[in-house]
Amino acid sequence: MLTRWGWGGAREKPVSESLCSFAPPSGLPAISPTGGEISRVAGFAQSPTLKVERVAEAANLPTCGGDGRQARGGQPRAFSFPTYASPSQLAFRSAFGYAGTMLSVLIETRNDEEALARTLASLIGGAVEGVVREVIVCDKGSTDQTHYVAEHAGCQYLAEGGLAAGIAQAKGDWLLLLEPGARLADGWMEDVLQHAAKQTMAARFSRSRRERTPFLARVFTSGRALAEGLLITKRQATVLSRTAGSAEAIARGLATKLLAAEISVAPPRK
């Protein structure tokens, strides 16, 4: 059986008969079987249409990767992407009634293989609902497996040109800039779509109330302008990118509205 999943994916990969239900080259990334009958998002290319395949999995299969552990012998890490959806969610329209709004998500990376995997997992629901049109990974010289995570998840991977190139390539009228490792909480789509339908002002997410952030973590993340993400029109981002060399620089000092939708911020870089 062949399948392909993620954003922008037209390629097909064989499904492994082993513990992982998806086994691309180098074992990265891997979909974690959770048991029972599930639906796997297979991705979309030029048209915003998702294909879903029903897959029967044994209920007792363990998770394949996903915890960031390094395999023995220097093998690449394996990551789990929970990508489950019902076929009823596949129509090109948002369940919230904002059919014309689709986002381009941009993520800057530098040796962020594991953090990128976490962020992509939180965006799957947006792709299923027809809200996330594409994910563009703007890399800044990674030497780890970041490009495998991005490409095999169906993202557009830019090794050159930086954020400005990603903004120029984005197809959405609204852009969502996120740090690798940041995770959007359930319910984020409705707030984003309502904001995009009524305003042109940039916006940020509220920090998650479910996580008790340690004091030192709050101190180190408070100075990061992009910690809460940034929702911004492509037009405004294009203008700012002419002088700002990074997503952080675009977000710094920018007047924004605070959305009720929550985000779990990425941990401080070591």
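Residue 85 in UniProt numbering sits at position 85 of the sequence shown; the count goes up by one each step and never skips.
Ideal Cβ positions, reconstructed from N, Cα and C, are used throughout, including at glycine.
The structure displayed is predicted, hence computed values, not measured ones.
With respect to the 7 Å criterion, Ala247 and Glu108 are classified as neighbours on the basis of their beta carbons. By the Cβ neighbour-count rule, Gly130 is buried, with 16 or more other Cβ atoms within 10 Å of its own. DSSP places Asp191 in the helix class (H, G or I) of the three-state scheme. By alpha-carbon distance to Asn111, the top candidate from Asp144, Gly125, Ala251 and Lys234 is Asp144. A direct Cα-to-Cα measurement between Arg224 and Leu106 gives close to 17 Å.
Using a Cβ distance threshold of 7 Å, Gly229 and Ile250 do not count as a contacting pair. In the DSSP assignment, Lys257 forms a beta bridge with Ala203.
Fully contained in the UniProt domain "Glycosyltransferase 2-like" (104–200) are the following beta strand (DSSP E) runs of length 3 or more, in chain order: 132–139, 156–158 and 174–178. The continuous stretches of alpha helix (DSSP H) do not include Thr233, which lies in the beta strand (DSSP E) extending over residues Leu230 to Thr233.
Looking at the DSSP output, Glu262 sits in a beta bridge with Ser206. Closest by C-alpha distance to Arg118, out of Arg133, Cys138, Thr146 and Thr101, is Thr146. Two segments are said to touch when three or more pairs of C-beta atoms, one from each, lie closer than 8 Å; by this definition the region 200–208 touches the region 231–244. Between His195 and Lys140, the beta carbon gap of about 29 Å keeps them out of contact (Cβ cut-off 8 Å). Excluding sequence positions up to five before and after Val149, its CB lies within less than 6 Å of the CB of Pro29, Glu113, Leu116 and Ala117, all in the same chain and listed in chain order. In this structure Arg133 touches Gly172 by the C-beta definition: roughly 5 Å separates them, less than 8 Å. Between Val192 and the set Pro268, Ala266 and Ala260, the nearest pair of CA atoms involves Ala260. Between the C-alpha atoms of Thr200 and Met189 there is a straight-line separation of about 17 Å. DSSP, reduced to helix, strand and coil, places Ala237 within a helical segment of the structure shown.
In the three-state scheme derived from DSSP, where H, G and I count as helix and E and B as strand, Ala251 is classed as helix. Its chain contains Ala182, Arg207, Thr221, Ala227 and Glu228 as the residues whose beta carbon lies nearer than 7 Å to that of Val265, once the 5 sequence neighbours on both sides are disregarded; these appear in chain order. The C-beta distance from Ile167 to Thr238 rounds to 6 Å, short enough to fall under 8 Å. With respect to Ala170, Ser104 sits close: the two C-beta atoms are nearer than 7 Å.
Our two residues, Pro180 and Ala255, have alpha carbons roughly 22 Å apart in a direct line. Taking all protein chains in view, the Cβ of Gly154 is crowded by 16 or more other Cβ atoms within 10 Å, so the residue is classified as buried.
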